[in-house]
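Colleague:
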Amino acid sequence: PATGAATRSARVDPNVTTDLLLCSGPDGPSFSPQSAVFLGSAAVAPDDIHLLGRGRLAVRVRPSPTLQALLARGEQKAAGRVVTPDQPDLAFQVELLQARRKRK
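So for the sequence shown, the numbering used here puts the first residue at 73; every next one is plus one.
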């Protein structure tokens, strides 16, 4: 996202590890060590969420059977959400991508 802009979408390949930077923007919620991240119905492990400041999170998304199943059914989008106690949720769209394999 641009400096100061809230995250509106994130691209994830459910078959490989993906690193995301989620930003709440100047008028968005504050994040905390208790913030939880959900991609569709899949929760990101707390050890893979790192607070970079009150409005930014670094998130490591590991291969996810839940997101892989969505992609296998032909779904290309899922709801993303950061949930923090005593703050409004940050909602964003997750675009599910599948990396193209190189031809031999």
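Even for Gly, the Cβ is constructed at its ideal location relative to N, Cα and C.
For residue 139 versus residue 117, is the C-beta distance shorter than 7 Å?
Modeller: Contact: no.
Colleague: Which residue's Cα is closest to the Cα of residue 92: 102, 144, 148 and 124?
Modeller: When only C-alpha atoms are compared, the closest one is 124.
Colleague: Taking residue 112 as the reference, give the member of 119, 157, 137 and 160 with the closest Cα.
Modeller: Nearest option by C-alpha distance: 137.
Colleague: In whole angstroms, give me the CA-to-CA distance for residue 105 and residue 143.
Modeller: If I take the Cα positions, the gap works out to 30 Å.
Colleague: Please classify residue 119 as buried or exposed, where buried requires at least 16 other C-beta atoms within 10 Å of its C-beta.
Modeller: That one is exposed.
Colleague: Where residue 88 and residue 160 are concerned, what is the direct C-alpha to C-alpha distance, given to the nearest angstrom?
Modeller: If I take the Cα positions, the gap works out to 30 Å.
Colleague: Over the uninterrupted beta strand (DSSP E) stretch that includes residue 78, give me the two end residues.
Modeller: Note, residue 78: premise wrong, no beta strand (DSSP E); not H, not E.
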